[in-house]
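Q: In our numbering, the protein residues as written are 2 to 77. This is the structure I have questions about; it appears just below.
Pasting the structure below:
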């Protein structure tokens, strides 16, 4: 319910997750107002580029109900 911090309006908010190894990767969801934030995080060396791409593609398809390779390409 916090809308201002130090006198400034809060437009969006998210946390910086800490990922422990193993597994060294995580998907974190947060909500601020009517905005959903999704954070994918991983430790260096725990995922290949292709594994990260697949994780992001699967997450986008799960959330939107359709494959969106354009969003995956824009994010990686």
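Backbone N, C-alpha and C define an ideal beta-carbon position, used for all residues, glycine too.
How is residue 70 classed by DSSP in three states: helix, strand or coil?
A: helix
Q: Any idea which residues DSSP pairs residue 38 with across the strands?
A: 31
Q: Which residues bound the alpha helix (DSSP H) around residue 54?
A: 50-65
Q: Using CA coordinates, which residue listed in 53, 44, 77 and 37 is at the minimum distance from residue 65?
A: 37
Q: Quick check: what's the CA-CA separation for residue 55 versus residue 47?
A: 14 Å
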